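Colleague:
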Amino acid sequence: MINEQLLNPKSIVVVGGSDDVQKPGGKVLKNLIDGDFKGNLYVANPKLDEVQGVKSYKNPQDLPEVDCAILAIAAKYCPQTIEMLAKEKNTRAFIILSAGFSEENEEGAELERQIVETVNSVGGALIGPNCVGVLNPNYNGVFTTPIPSLDPKGCDFISGSGATAVFIMESGVPKGLSFSSVYSVGNSAQMGVEEIIKYMDENYDPATSSPVKLLYIENIDKPEMLLKHASSLIRKGCKIAAIKSGSSEAGSRAASSHTGALASPDVAVNALFKKAGIVRCSGREELATVASIFMHPELTGKNIAVITHAGGPAVMLTDALSNNGLDVPHIEGPKADALLEKLYGGSSVSNPIDFLATGTAQQLGDIIDACENDFDNIDAMAVVFGSPGLFPVYDVYDLLDEKMKQCKKPIYPILPSVINVKDEIEHFLAKGRINFPDEVVFGDALAKVYNTPKPEPENVVMPEVDKKAIRSIVDEADNGYLSPEQIHNLLDAAGIARAKEGVADTEEEIVALAKEIGFPLVMKVVGPVHKSDVGGVTLNVKDEATVRSEFKRMMQIKDTYAIMLAQMLSGTEVFIGAKREEKFGHMVLCGLGGIFIEVFKDVKAALAPISVEEAHEMIQGLQSYGIIQGARGQEPVNEEKFADAVSRVAALMTVAPEIFEMDLNPLLGSKDAVVAVDARIRIEK
1 MINEQLLNPK SIVVVGGSDD VQKPGGKVLK NLIDGDFKGN LYVANPKLDE VQGVKSYKNP
61 QDLPEVDCAI LAIAAKYCPQ TIEMLAKEKN TRAFIILSAG FSEENEEGAE LERQIVETVN
121 SVGGALIGPN CVGVLNPNYN GVFTTPIPSL DPKGCDFISG SGATAVFIME SGVPKGLSFS
181 SVYSVGNSAQ MGVEEIIKYM DENYDPATSS PVKLLYIENI DKPEMLLKHA SSLIRKGCKI
241 AAIKSGSSEA GSRAASSHTG ALASPDVAVN ALFKKAGIVR CSGREELATV ASIFMHPELT
301 GKNIAVITHA GGPAVMLTDA LSNNGLDVPH IEGPKADALL EKLYGGSSVS NPIDFLATGT
361 AQQLGDIIDA CENDFDNIDA MAVVFGSPGL FPVYDVYDLL DEKMKQCKKP IYPILPSVIN
421 VKDEIEHFLA KGRINFPDEV VFGDALAKVY NTPKPEPENV VMPEVDKKAI RSIVDEADNG
481 YLSPEQIHNL LDAAGIARAK EGVADTEEEI VALAKEIGFP LVMKVVGPVH KSDVGGVTLN
541 VKDEATVRSE FKRMMQIKDT YAIMLAQMLS GTEVFIGAKR EEKFGHMVLC GLGGIFIEVF
601 KDVKAALAPI SVEEAHEMIQ GLQSYGIIQG ARGQEPVNEE KFADAVSRVA ALMTVAPEIF
661 EMDLNPLLGS KDAVVAVDAR IRIEK
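My numbering puts the first residue of the sequence shown at 1, with every later residue one more than the last.
Take a look at the structure:
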């Protein structure tokens, strides 16, 4: 695992170092030299005594003791080289640039296993294989460019893809985004993104550690570790943004429940990121833009002043902000009138604040001062200022820098003229500033940052459930779907309200049951998966004669072995489901129920455990929340009862992890109650 020899080695050997800087072994050596590595630098090359001016050992066994080894040799030679370095040269950090391991075939995977076993046996750290290396203020251990100037308060960046790490740095550096460290984990043979985040959490020092972490993840192998340590870092004041690629992977595999069809692996990723407080990004530009927003003071309100000397970008930015839940509020009143008098005729201060193409630095300063001091309905400023190339704009950008130092409200500079005033922008970036060259990318990213919730509490409080009764039912159950009686007992043990119901497989039993429950009733087949599709549901049964006739008809339906009777309740149909997702644990979903779940697929998901407060957030995040509130005079759903039921389902999952899928669809919600009227629970031990 991460150790001092990896972070700050006193000596490094490049095994496979070369004079050819177009090869990884040559380029990483050049980067180390150009980065003025302060420790002892060695090369192991079987043909040369000196490489790029550095002493080379033809036989690695002749090397002195060395802290860190960077390997750029064929995969088949790596295990024996690492064993020699670990056992004879006291090497405790290894970076394997070479490919040809588990990403290629089983033979390569076996080489990888041998290496990990050796490194672990000496308590060493391994990055890779199949990576571009490690970059931090102590050494440039990568074979790629760019090599950004490193700042302790820049971004820590961990990437599962070496090429993507390069491209994201290429996206961020021209905007002024700074980096503190870069880890390219490659195959993650010993350490992946999760382990490095764990180390950063356990060793976080607010005075010296970077407050921003960026992640590019291809596979989440340890979601529990990622959730624990990412959320812990964010609670300590860090900000984390991540790309998780592969979102289109088949979550649509065959499923026997609504929940199974909706709860894809990518839904689990969204749920994990939301619970942790990680801002999920969809691409490189968005990740770099979100990181750049992180470098500014935190946005504490949703009201943005759009300050511009160009109409088009202001309109597009206003659209991007407004369409994503942020506001560009109207500005008016005596102080607005006073500001307008300081601007040229034809200007507007209503917001967007347009001070025309002829606007000056002085006028921009007046506008920023007014937004900072006079307009209480403004929380932040986005300043759009480019140039047609007619004259220099150093004075504008210098003023912008000064105002950003003085103002408490965040100011975001949108400087689109990356060619016309290239020199002025470079002058601005040299002050440690960041540019957002595209107003729409910025607006979308700002809204995403603002709308990402804070991490859930570390210790989640859920409703009490009867754990002993739940375990008794599940322990005695076989794999497959539970019987109606088992479901009833499980719901009762979890404290989830359900309709009065029962099951019978003879006509006389069904009649007796109907009299016991009371009319009106719902009759449903027991056996077929999708009851309504086969004519297996009859509503509003009001008399014994209908019970008898429908019983006879339904028992003829294929796969039917009994009939269920239930109270005929009324209310808005809502849905709660749960699905066990490999490695992630249980997802719990909620939304409108009945056919709405199939048509609109309007659901929110969270990972168990789920507090009642988080359940409320799920419900309130539904597009259909207005219906639950009682739109247009309709009776509302009791949100407290709905949220309690969601949290109880999550509690049930934590006590009974053997539950693979669960559907409560529908529950009927009224202003007084939320009651389950149909349920399916599938066990897989």
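Each residue gets a CB set at the ideal place from its N, CA and C atoms; glycine is no exception.
Please read all numbers here as calculations on a predicted model, not as lab measurements.
Using only the alpha-carbon positions, how far apart do Leu356 and Arg280 sit?
Modeller: The count along the sequence shown starts at 1 and reaches residue 356 at position 356. The count along the sequence shown starts at 1 and reaches residue 280 at position 280. The straight-line gap from Cα to Cα measures roughly 36 Å.
Colleague: If you count every other CB in all the chains shown that lies within 10 Å of the CB of Ala430, and 16 or more means buried, which is it?
Modeller: Taking the sequence shown and counting its residues from 1, one reaches residue 430 at position 430. Per the 10 Å Cβ criterion, exposed.
Colleague: Could you give the C-beta distance for Val54 and Leu29, rounded to a whole number, given that I count them as a contact under 8 Å?
Modeller: Working through the sequence shown from its first residue, we reach residue 54 at position 54. Working through the sequence shown from its first residue, we reach residue 29 at position 29. Correct: roughly 7 Å between the Cβ atoms.
Colleague: How far does the beta strand (DSSP E) with Phe575 in it reach, from first residue to last?
Modeller: Translated into the one-based positions of the sequence shown, residue 575 becomes position 575. Where Phe575 is concerned, the enclosing beta strand (DSSP E) stretches over 572-581.
Colleague: Determine the contact status of Thr506 and Met523, defining contact as a CB-CB distance below 8 Å.
Modeller: In the sequence shown, counting from the first residue as 1, residue 506 sits at position 506. In the sequence shown, counting from the first residue as 1, residue 523 sits at position 523. No. Outside cutoff.
Colleague: For Leu299, decide whether its Cβ has a neighbour in chain C, counting only Cβ atoms nearer than 8 Å.
Modeller: Looking for chain C here will not work: only one protein chain is present.
Colleague: Please go through the same chain and pick out, in chain order, the residues whose beta-carbon is closer than 6 Å to the beta-carbon of Leu652, but skip the five residues on each side of it.
Modeller: Within the sequence shown, the letter at position 652 stands for residue 652. So the qualifying residues of the chain are Ala494.
Colleague: Less than 8 Å between the beta carbons of Leu668 and Ser570, yes or no?
Modeller: Position 668 of the sequence shown, counted from the first residue, corresponds to residue 668. Position 570 of the sequence shown, counted from the first residue, corresponds to residue 570. Going by C-beta atoms, Leu668 is nearer than 8 Å to Ser570.
Colleague: With a CB to CB cut of under 8 Å and the five nearest residues on each side skipped, what residues in its chain are close to Tyr344?
Modeller: In the sequence shown, counting from the first residue as 1, residue 344 sits at position 344. The residues are Phe355, Leu356, Thr358, Gly359, Gln363.
Colleague: Taking the alpha-carbon of Gln620 as reference, which of Leu607, Gly123, Ala643 has the nearest alpha-carbon?
Modeller: The residue you call residue 620 lines up with position 620 of the sequence shown. Nearest C-alpha to Gln620: Ala643.
Colleague: Could you tell me which residues DSSP puts in a beta bridge with Gly141?
Modeller: Within the sequence shown, numbered from 1, the residue matching residue 141 stands at position 141. Val134.
Colleague: Within a Cβ cutoff of 7 Å, which residues of the same chain sit near Ala230, ignoring the five residues on either side of it in sequence?
Modeller: On the sequence shown, residue 230 is found 230 positions in, with the first residue counted as 1. If we look at Ala230 and ignore the five residues flanking it on each side, its Cβ neighbours are Ile197, Ile240, Ala276, Ile278.
Colleague: For Asp438, name the three-state secondary structure that DSSP assigns.
Modeller: Residue 438 sits at position 438 when you count from the first residue of the sequence shown. The answer is coil: DSSP assigns Asp438 none of H, G, I, E or B.
Colleague: What is the rounded straight-line gap between the Cα of Ile563 and the Cα of His616?
Modeller: Along the sequence shown, read from residue 1 onward, the residue named residue 563 stands at position 563. Along the sequence shown, read from residue 1 onward, the residue named residue 616 stands at position 616. C-alpha separation (whole angstroms): 35 Å.
Colleague: How is Phe355 classed by DSSP in three states: helix, strand or coil?
Modeller: Position 355 of the sequence shown, counted from the start, is the residue given in the question as residue 355. DSSP places Phe355 in coil when its eight states are reduced to three.
Colleague: Secondary structure at Glu50, three-state DSSP: helix, strand or coil?
Modeller: By 1-based counting over the sequence shown, the position of residue 50 is 50. Strand.
Colleague: Given a threshold of 16 other Cβ atoms within 10 Å of its Cβ, counted over all protein chains shown, does Leu216 qualify as buried or as exposed?
Modeller: Against the sequence shown, residue 216 aligns to sequence position 216. Looking at the sequence shown, residue 216 is not Leu but Tyr. Tyr216 should be labelled buried.
Colleague: Quick check for students: name the residue ranges of the beta strand (DSSP E) that lie wholly in the stretch 82-124, counting only runs of 3 or more.
Modeller: Runs found: 93-96.
Colleague: Since Gln567 is in the beta strand (DSSP E), which residue starts that stretch and which ends it?
Modeller: Residue 567 sits at position 567 when you count from the first residue of the sequence shown. Run containing Gln567: 562-567, per the beta strand (DSSP E) assignment.
Colleague: Using CA atoms only, rank isn't needed, just tell me which of Pro636, Gln634, Asn665 is closest to Phe596.
Modeller: Taking the first residue of the sequence shown as 1, we reach residue 596 at position 596. Nearest of Pro636, Gln634, Asn665 to Phe596, Cα basis: Asn665.
Colleague: Under the assumption that Met191 contacts Asp156 (Cβ atoms under 8 Å), give the Cβ distance between them as a whole number of angstroms.
Modeller: As a working note, residue 191 is residue 191 in the sequence shown. As a working note, residue 156 is residue 156 in the sequence shown. So it is not a contact: roughly 14 Å between Cβ atoms.
Colleague: To which residues does DSSP link Leu589 through a beta bridge?
Modeller: Translated into positions along the sequence shown, residue 589 becomes position 589. Beta-bridge pairing links Leu589 to Gly577, Ala605.
Colleague: On the DSSP bridge assignment, give the partners of Asp543 in chain order.
Modeller: Here residue 543 refers to the residue found at position 543 of the sequence shown. Paired residue(s): none; Asp543 is not in a bridge.
Colleague: Using the C-alpha atoms, what's the distance from Val15 back to Asn187?
Modeller: Position 187 of the sequence shown, counting from 1, holds the residue named residue 187. Position 15 of the sequence shown, counting from 1, holds the residue named residue 15. About 19 Å.
Colleague: State the DSSP-derived secondary structure class of Gly246, mapped to helix, strand or coil.
Modeller: For the purposes of this step, residue 246 is identified with residue 246 of the sequence shown, where counting begins at 1. In this structure, Gly246 counts as coil in the three-state DSSP scheme.
Colleague: Check this for me: beta carbons of Val142 and Val182, under 8 Å apart or not?
Modeller: By 1-based counting over the sequence shown, the position of residue 142 is 142. By 1-based counting over the sequence shown, the position of residue 182 is 182. Contact flag set, yes.
Colleague: My parser needs the beta strand (DSSP E) runs of 3 or more residues fully inside the stretch 321-399; what are they?
Modeller: Runs of the beta strand (DSSP E) inside the stretch 321-399: 380-384.
Colleague: Out of Ile419, Pro528, Ile367, which one is the CA nearest neighbour of Gly386?
Modeller: One-based indexing of the sequence shown puts residue 386 at position 386. The shortest C-alpha separation from Gly386 is found at Ile419.
Colleague: Enumerate in chain order the residues of its own chain whose CB-to-CB distance from Leu48 is below 7 Å, with the five nearest sequence positions on each side excluded.
Modeller: Taking the first residue of the sequence shown as 1, we reach residue 48 at position 48. Counting only Cβ-Cβ distances below 7 Å, and skipping sequence neighbours, we find Ser56.
Colleague: For the candidate residues Leu227, Tyr139, Ala606, Tyr450, whose alpha-carbon lies nearest to that of Ala268?
Modeller: The count along the sequence shown starts at 1 and reaches residue 268 at position 268. Comparing Cα-Cα distances from Ala268 to each of Leu227, Tyr139, Ala606, Tyr450, the minimum goes to Ala606.
Colleague: For the beta strand (DSSP E) holding Thr300, just list the boundary residues, first then last.
Modeller: For the purposes of this step, residue 300 is identified with residue 300 of the sequence shown, where counting begins at 1. Counting along the chain, Thr300 falls outside any beta strand (DSSP E), and DSSP gives it neither H nor E.
Colleague: Within the continuous beta strand (DSSP E) that includes Val212, where are the two ends?
Modeller: By one-based count along the sequence shown, residue 212 stands at place 212. Per DSSP, Val212 belongs to the beta strand (DSSP E) from 212-217.
Colleague: If I follow the unbroken beta strand (DSSP E) through Pro666, where does it start and stop?
Modeller: Along the sequence shown, read from residue 1 onward, the residue named residue 666 stands at position 666. It spans 659-669 - the beta strand (DSSP E) in which Pro666 sits, taken as one unbroken run.
Colleague: For my contact list, Ile557 and Gly535 are in at a C-beta cut-off of 8 Å; report their separation, rounded to the angstrom.
Modeller: Taking the sequence shown and counting its residues from 1, one reaches residue 557 at position 557. Taking the sequence shown and counting its residues from 1, one reaches residue 535 at position 535. With a Cβ gap of about 7 Å, Ile557 and Gly535 count as contacting.
Colleague: So, helix, strand or coil for Ile2, using DSSP?
Modeller: Position 2 of the sequence shown, counted from the start, is the residue given in the question as residue 2. In the structure shown, Ile2 sits in coil (DSSP, three-state: anything other than H, G, I, E or B).
Colleague: Opposite Thr686 in the DSSP bridges: which residues?
Modeller: Shown here, the chain extends from 1 to 685; a query on residue 686 therefore has no answer.
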